[in-house]
Amino acid sequence: MLYRRLRGLFTRLHAGRRARPTRAGWFALISPIFLGMAAIVSGNNLLFLLLAAVLSFVFVSGVWSERNLDGVRLKLSLTQAPRAGEAARFMLHLTRSKKRNPAFGLIIQEEDPASGSLQALVPKLEAGAHVRAERTFARRGRARLDRLMLATNYPFHLLTKSKFLDAAIDVWVRPRRGDVPAGRELPPMMPGSGDEVDRVGTGAEFYGLRERLSGEEHLRLHARS
């Protein structure tokens, strides 16, 4: 029974999660080796204190970043019909079960971020938030976003921890817009169709307003062409 609970807890905490040290994180992970050797050889208590401080920073960074990722849920929706080669706008609806403990420095992006991919930054998340993001599709047709990556390097930027969020959505991309050839910007017009006239007619544009006369047809209401 205890083994199952521990296994379930381990799976829930570490399923699909990654931890990658930053440039400062590599220094914080490698420096304790040399600090420990120097402290043992010299017997200097100050070096032992410095070693403990560096290891504490690494530990606190790992625990706090894990706390930021816990309990975050994502729902993705499209706000406009996308076209190939143009930036499509998405709305990201974020919720968090732990309302009393806000999360800081959240980054939402695709698994393989590239030019035109979906990326968003959430400085602070409490109970919920709505964030806008853009994504460019290169081709027309059906496209599917299966999951997004939630990452954070808060608070000391030593470790970048990430996990995957289920945000499956099907997107139908419209064809790419084309340039209108020269001379085709306006439709062809009949000779004299743009000239002004002084007589009363049943035109479609409103040049003047007047009251309706008795027995007048509805096509000539409040119009003079």
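Heads up: the sequence shown begins at 19 in our numbering, then just goes up one per residue.
Backbone N, C-alpha and C define an ideal beta-carbon position, used for all residues, glycine too.
Practice item. Identify whether G159 lies in helix, strand or coil by the three-state DSSP scheme. Key: Here G159 carries a strand assignment [DSSP, helix/strand/coil].
Practice item. Could you tell me the distance, in whole angstroms, from the CA atom of T170 to the CA atom of L68? Key: It is roughly 26 Å from the alpha-carbon of T170 to the alpha-carbon of L68.
Check your understanding: By Cβ distance below 6 Å, which residues in the same chain neighbour G103 in space, the five residues on each side in sequence not counted?
Key -> R194
Review point. So, helix, strand or coil for E84, using DSSP?
Key: helix
Exercise for review: Look at A42 and H175 and say whether their C-beta atoms are less than 8 Å apart.
Suggested key: Contact flag set, yes.
**Study point:** Closest Cα partner of D88 within the set V191, A138, R162, K179
**Key:** K179
Exercise for review: Report the residue from F75, R91, L96, L168 whose alpha carbon sits nearest the alpha carbon of D188.
Suggested key: Of the candidates F75, R91, L96, L168, the one whose C-alpha sits nearest the C-alpha of D188 is L96.
**Study point:** Proximity of R107 and E152 at Cβ, strictly below 8 Å
**Key:** yes
Check your understanding: Is it the case that the Cβ atoms of P100 and R192 are separated by a distance below 8 Å?
Key -> Pairing P100 with R192 gives a Cβ-Cβ distance under 8 Å.
**Study point:** Three-state secondary structure assigned by DSSP to L177
**Key:** strand
Review point. Can you give the beta carbon distance from S49 to V81, rounded, assuming they're within the 8 Å contact cut?
Key: Rounded, the Cβ-Cβ distance is 20 Å, inconsistent with contact.
Exercise for review: Grab the span of the alpha helix (DSSP H) containing G54 for me, first residue to last.
Suggested key: DSSP places G54 inside the alpha helix (DSSP H), whose first and last residues are 41-60.
Exercise for review: Would you mind working out which of N63, G146, T154 sits nearest Q137, comparing C-alpha positions?
Suggested key: T154
**Study point:** Reduced DSSP category for S232 - H, G, I as helix; E, B as strand; rest coil
**Key:** coil
Check your understanding: With a Cβ-Cβ cutoff of 8 Å, do L168 and K181 count as a contact?
Key -> yes
Review point. From what residue to what residue does the beta strand (DSSP E) around K93 run?
Key: Where K93 is concerned, the enclosing beta strand (DSSP E) stretches over 90-96.
Review point. For P120, which residues from the same chain have a beta carbon less than 7 Å from its beta carbon, with the 5 sequence-adjacent residues on both sides left out?
Key: The answer, listed in chain order, is K142, L143, E144.
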